[in-house]
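Residue numbers (numbering that gives the first Met the number 0): 0 to 385. We treat Cβ as the ideally placed atom computed from N, Cα and C, and that holds for glycine. Computed from a prediction, not measured in an experiment: that's the story for all the values here. A short write-up of the structure that comes next.
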Amino acid sequence: MKKFLAFLLITISFTATQESADHKIETIDVSEENATKDLLPLVEDKQIKNVILMIGDGTGLAQIASGQLAVAGPDGLLHMQTMPVTGIVKTHSSDNLITDSAAGATAYSCGLKTYNGAIGVDPNQIPCKTILELAEEKGLSTGLVSTSSITHATPASFASHVVQRSMQEDIAADFLDSGVEVFLGGGVKWFHKDMRSDSLDLLHEFQNKGYEIILDKDRLSTSSSNNMLGLFSEDGLERTENEPSSKEMVSKALENLNTNDNGFFLMVEGSQIDWAGHDNNVEYLKREVQDFDEAVQEVLEFAREDGETLVVLTADHETGGMTMQRQVAEGDSLEVFWTTDYHTGIPVPLMAYGPKATEFMGWRDNTYVGIKIAELLGLGEFPILE
Ligand SMILES: [Zn+2]
0 MKKFLAFLLI TISFTATQES ADHKIETIDV SEENATKDLL PLVEDKQIKN
50 VILMIGDGTG LAQIASGQLA VAGPDGLLHM QTMPVTGIVK THSSDNLITD
100 SAAGATAYSC GLKTYNGAIG VDPNQIPCKT ILELAEEKGL STGLVSTSSI
150 THATPASFAS HVVQRSMQED IAADFLDSGV EVFLGGGVKW FHKDMRSDSL
200 DLLHEFQNKG YEIILDKDRL STSSSNNMLG LFSEDGLERT ENEPSSKEMV
250 SKALENLNTN DNGFFLMVEG SQIDWAGHDN NVEYLKREVQ DFDEAVQEVL
300 EFAREDGETL VVLTADHETG GMTMQRQVAE GDSLEVFWTT DYHTGIPVPL
350 MAYGPKATEF MGWRDNTYVG IKIAELLGLG EFPILE
């Protein structure tokens with residue numbers, strides 16, 4: 000018996016060593032900045048005019064905390080950490096405890112659980128009305144900003160309805176009739192006649208509908224069109240000099256959308272925080288968290304001045320099973336450990352600022368966030384199947 004136990008122990012420890020050998024340890028340089036910031040104050044609960052939903056794809060606590068260490072230092076805060084209300088969101092989908100971004104975004108856009116891969120449809124593949132579509136019907140302006148292709152799962156789930164996220168050509172075609180005023184992101188290949196499998200000239204069709212087609216940063220900065228389709232890369236943004244930052248895209252979107260007296264709904268995605276998690280790459284992660292956080296700064300400054308804007312920032316899921324496990328080099332650097340190259344089931348943080356922000360406190364299901372935003376904007380009771 001003793002021999003058997005010893006054998007068992009060896010087997011278990013061997014397995015554990017094997018496991019960790021496959022997982023990646025990286026270090027992150029800790030900033031000496033220590034830029035201290037105060038939390039924003041709570042805002043009086045008046046009627047909400049605008050909602051800005053910010054989704055850090057794959058952004059869990061470790062992504063935010065390690066980004067903070069790298070950018071603002073141990074005593075500092077990222078802008079997203081200055082939002083005074085915090086909550087926690089459970090992220091499972093209808094068919095899996097580990098969600099993908101399509102089901103994750105549809106929980107926010109339609110207020111219902113659906114299967115992984117579903118874009119704006121319920122588990123029976125019936126289209127569901129999105130916050131953005133209802134906002135359009137009510138006369139609000141709407142916008143989508145992402146650092147992935149604008150037809151990627153997260154933005155797609157707000158303005159299209161397809162049974163599988165890979166159908167990006169169909170998603171691009173769906174956008175044409177969405178009424179969305181501002182599209183800014185990557186993904187020209189899904190619109191361009193020479194790159195689409197059906198040779199459909201969607202760029203031309205958008206132009207015919209009154210959209211200005213914007214393909215580089217300079218054009219974006221001078222554009223003042225009512226409707227804009229800004230596509231700055233073939234697929235996801237590649238961070239070339241011709242591409243705007245998230246902050247520049249958000250600033251233009253706000254300038255455009257804020258001209259509507261009825262208000263607006265804007266969704267901003269930090270898409271590539273997730274991709275850095277899939278890559279188990281802390282340098283990539285730091286760059287993306289920083290880019291997203293600069294956009295958060297822009298949004299919070301707007302909301303603070305406006306006073307009638309609710310900002311909700313959360314994630315669709317965590318990516319990478321990221322942990323911060325050991326300080327090295329006398330605190331100058333931190334060891335980061337990744338447990339997977341896919342998504343995890345760890346609940347994600349939520350931060351809110353603006354009127355009614357406290358509605359988002361506590362442990363909530365992801366569908367609650369969509370349902371509550373629809374209610375606060377006076378869009379009716381979610382979910383609504385078509
Ligand atoms: Zn992902």
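Excluding the 5 residues flanking it on each side, glycine 262 has same chain C-beta neighbours closer than 6 Å at Lys48, Asn49, Leu139, in chain order.
Taking C-alpha positions only, aspartate 217 is separated from glutamate 247 by approximately 11 Å. Of all alpha-carbon atoms in Phe157, Phe231, Gln163, Glu180, the one lying nearest the alpha-carbon of phenylalanine 190 is that of Phe231. In the three-state reduction of the DSSP assignment, tyrosine 341 falls in the coil class.
Contact between glycine 369 and isoleucine 130 holds: their C-beta atoms lie close to 6 Å from each other, under 8 Å.
Pairing leucine 133 with glutamate 329, the inter-Cα distance amounts to about 54 Å. Relative to ligand 1, aspartate 273 has its C-beta within less than 6 Å of a heavy atom. One alpha carbon belongs to leucine 349, the other to leucine 199, and they sit about 40 Å apart.
For threonine 338, the CB stays at least 6 Å from every heavy atom of ligand 1.
Ser165 is the residue among Glu180, Thr141, Ser165, Asp364 whose C-alpha sits nearest the C-alpha of alanine 152.
The beta carbon of aspartate 292 sits closer than 6 Å to the beta carbons of Leu77, His78, Met79 from its chain, once the five residues preceding and following it are set aside; these are given in chain order. DSSP, reduced to helix, strand and coil, places alanine 275 within a helical segment of the structure shown.
Under the DSSP assignment, valine 84 falls in the beta strand (DSSP E) whose first and last residues are 84-89. Nearest Cα to phenylalanine 174 within the set Pro122, Met360, Met227, Leu111: Met227. Non-local C-beta neighbours of arginine 325 in its own chain, meaning closer than 7 Å and more than five positions away in sequence, comprise Glu334, ordered along the chain. Under the DSSP definition of a beta bridge, tyrosine 352 partners with Val310.
One Cα belongs to lysine 112, the other to leucine 201, and the distance between them is close to 31 Å. Under DSSP, no beta-bridge partner is assigned to phenylalanine 301.
Going by beta carbons, alanine 101 and asparagine 365 fall outside the 7 Å limit. Under the criterion of beta carbons closer than 8 Å, leucine 312 and methionine 53 qualify as touching, at roughly 4 Å. Around the beta carbon of aspartate 331, fewer than 16 other beta carbons sit within 10 angstroms, so the residue counts as exposed. Around the CB of methionine 321, 16 or more other CB atoms lie within 10 Å, so the residue is classed as buried. Under the three-pair Cβ rule at 8 Å, the region 86-99 counts as touching the region 296-316.
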